[in-house]
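Quick notes on the structure that follows.
In the working numbering, the protein residues as written are 910 to 1213.
Quick look at the structure:
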């Protein structure tokens, strides 16, 4: 899928950043103070389409696709590490390129994060706290699990299946099951997506060879100190502390089975001054379930 401009609600020009022989796709719309939008797994920059449209009249909206996802290149493991560390390095390089080569201002950025966008964005922010002026936090985490190293019973079996087994490999690569379930109620959403919108979310993984990043993200979830991504998760936690004095908006779908109310309470504990908008009728993809309320809230927050 080389051109997504015909997908519903995504009429944006494509931009590319090349590094180490790989091309990273990003959206760059509007002018003004930068708003950097970081998606998670198994989504891509299509997640931000309504927010980009709402903000581009007043802000420079920047929405990259992580390598292996969206319109970005989809390398094998012989060419790319597919780790949290590699994601943070990608963002570091892209941000430097945008400032040095594309005229993006070097201060006053708003960081908008969903799912894996949280640890990626906050680990990056720990390196550049002076760049980040505001945070928008959407169903994500950037600190160790508030439940500790134990996996909640409801998640233990599916996480083991997806991370550790050959059946999980088949579900990811052959059947695209994780992405398919994430775009259905009651798993990732509470409302059923229109067929063309769901197809757009799934389009980057139409080829089984393009689904590797989705599984590697799941396998890289840092559950404890023995996991490779753990040091970067602690770095993300440092980023949250470094940005604790910035204005923060938290938009949360309360029907998320993974990023649940305990995760929201942890954000509120760490960022007690944050403005919180919680939606009882929204799941993990809060920007789909509650876009009619959340997008105006974010726009108003940025105007303040």
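Even for Gly, the Cβ is constructed at its ideal location relative to N, Cα and C.
Keep in mind the model is a prediction, meaning the values are calculated, not measured.
Inset, instruction - Find the nearest neighbour of residue 1194 within the set 932, 1125, 1167 and 1052, judged by alpha-carbon distance. - result: 1167
Legend entry - Nonlocal neighbours in the same chain, by C-beta distance under 7 Å from residue 1057, ignoring five residues either side: none
Legend entry - Any alpha helix (DSSP H) of 4 or more consecutive residues that is wholly inside the region 1045 to 1108: 1062 to 1073, 1075 to 1082 and 1086 to 1091
Inset, instruction - Specify, as a first and last residue, the run of the beta strand (DSSP E) that residue 1022 falls within. - result: 1018 to 1024
Legend entry - Beta-carbon spacing of residue 978, residue 1113 below 8 Å: yes
Inset, instruction - Starting from residue 945, trace the beta strand (DSSP E) both ways and give me its first and last residue. - result: 942 to 947
Legend entry - Same chain only: Cβ atoms within 6 Å of residue 1144, ignoring 5 sequence neighbours per side: 1032 and 1035
Legend entry - Rounded separation between residue 1159 and residue 926 - CA only: 30 Å
Inset, instruction - Answer with buried or exposed for residue 1076, where buried requires no fewer than 16 other C-beta atoms within 10 angstroms of its C-beta. - result: exposed
Inset, instruction - Please report how far the alpha carbon of residue 946 lies from the alpha carbon of residue 1073, in whole angstroms. - result: 31 Å
Legend entry - Among 921, 1023, 987 and 943, nearest to residue 1172 - alpha-carbon criterion: 1023
Inset, instruction - Would you mind reading off the limits of the beta strand (DSSP E) that contains residue 961? - result: Careful: residue 961 lies outside any beta strand (DSSP E), inside the alpha helix (DSSP H) at 958 to 964.
Inset, instruction - Using alpha carbons as the reference points, say which of 1027, 1011 and 1191 lies closest to residue 1096. - result: 1191
Inset, instruction - Return the Cβ separation of residue 1020 and residue 1044 in integer angstroms, given the expectation that the two are a contact with Cβ distance under 8 Å. - result: 5 Å
Legend entry - Pairwise C-alpha distance: residue 1064 and residue 1009: 43 Å
Inset, instruction - With a threshold of 16 other CB atoms inside 10 Å of the CB of residue 1182, please say whether the residue is buried or exposed. - result: exposed
Inset, instruction - State yes or no: is the C-beta of residue 1087 within less than 8 Å of the C-beta of residue 1060? - result: no
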